[in-house]
């Protein structure tokens, strides 16, 4: 039936991914028995899905952006979509292309942008409800005098993110991504993908304003960093 077909396709995809991972390990000099990754005779498939094997602790956030061909317009013009999948608190912005406006024009909004991701943490009301329903306790770390410090965290574990890849200790921490799809403007656009550290230091509007006055992507990255 349909479910068996889906399971079979998923199994094939996992096997392909496993082979790619093993090839990557070998290219970087990580052979079987390497203690840093615990790659053994069962390969990476056993590493990821074997419950009795030792695996590296901790996880990571993931933000992936792809450009997908859309349907042609009635006039025959090509269209493209930006598809962004995010898991965690790293993020992505869709910024206007510098050719779209004149930076010297005072009427142009240089801070225009579209955020493609949502920060997955306990401070987000939707994520907070999901974590509590999964049995997590929410709270902040405390200083010696009892005052709160830092972001809201999910316990047990004290995770500052509500979604991540590799953190399996807490049932509420899921690796299910959130997907956004938007049209690429006819004038083009820029994509910025960064960690939460960048977005914590610079606002989305400031990032857009910085990039609007620069011609190359390298200049944008250097200026933001």
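Numbering (our numbering), first residue to last: 8 to 232. Cβ coordinates follow ideal geometry from the N, Cα and C atoms, glycine included. From a predicted model like this one, the values you see are computed outputs, not experimental measurements.
1) Measure the alpha-carbon distance for residue 77 versus residue 187 and round it to whole angstroms.
2) Along the chain, where does the beta strand (DSSP E) containing residue 3 start, and where does it finish?
3) Note down the Cα distance separating residue 87 from residue 79, rounded to an integer number of angstroms.
4) Comparing C-alpha positions only, which one of 214, 156, 195 sits nearest to residue 148?
5) State the start and end residues of the unbroken alpha helix (DSSP H) segment that holds residue 136.
6) In whole angstroms, what separates the C-alpha of residue 42 from that of residue 164?
7) Using DSSP's beta-bridge definition, name the partner residues of residue 88.
8) For the structure I just gave you, are there three or more beta carbon pairs, one from the segment 126-141 and one from the segment 218-230, closer than 8 angstroms?
9) Does the segment 205-220 come close enough to the segment 166-181 that 3 or more CB-CB pairs lie under 8 angstroms?
10) Can you tell me which of 104, 70, 84, 169 puts its alpha carbon nearest to the alpha carbon of residue 196?
11) Taking C-alpha atoms, which residue in 193, 89, 119, 96 lies nearest to residue 130?
Once the coordinates are examined:
1) Within the chain shown, numbered from 1, the residue matching residue 77 stands at position 70. Within the chain shown, numbered from 1, the residue matching residue 187 stands at position 180. One C-alpha to the other measures close to 15 angstroms.
2) The first residue shown for the chain is 8 and the last is 232, placing residue 3 beyond what the model contains.
3) Position 80 of the chain shown, counting from 1, holds the residue named residue 87. Position 72 of the chain shown, counting from 1, holds the residue named residue 79. When rounded, the distance between both Cα atoms is 9 angstroms.
4) Here the question's residue 148 lines up with position 141 in the chain shown. Closest option to residue 148, Cα to Cα, is 156.
5) Counting from 1 along the chain shown, the entry for residue 136 is found at position 129. Unbroken alpha helix (DSSP H) run through residue 136: 132-140.
6) The sequence position of residue 42 within the chain shown is 35, counting from 1. The sequence position of residue 164 within the chain shown is 157, counting from 1. The predicted position of residue 42 is uncertain, since its pLDDT is 46 and thus under 50; a value taken from the coordinates is nonetheless stated next. Each residue's Cα considered, the two are about 25 angstroms apart.
7) For the purposes of this step, residue 88 is taken as the residue at position 81 of the chain shown. DSSP, once it has assigned bridges, lists 75, 190 as partnering residue 88.
8) Verdict: no, contact absent.
9) The segment 166-181, when compared against the segment 205-220, does not touch it at the 8 angstroms Cβ threshold.
10) By 1-based counting over the chain shown, the position of residue 196 is 189. Residue 104 holds the alpha-carbon nearest to the alpha-carbon of residue 196 among 104, 70, 84, 169.
11) In the chain shown, counting from the first residue as 1, residue 130 sits at position 123. Distance from the Cα of residue 130 is smallest, within the candidate group 193, 89, 119, 96, for 96.
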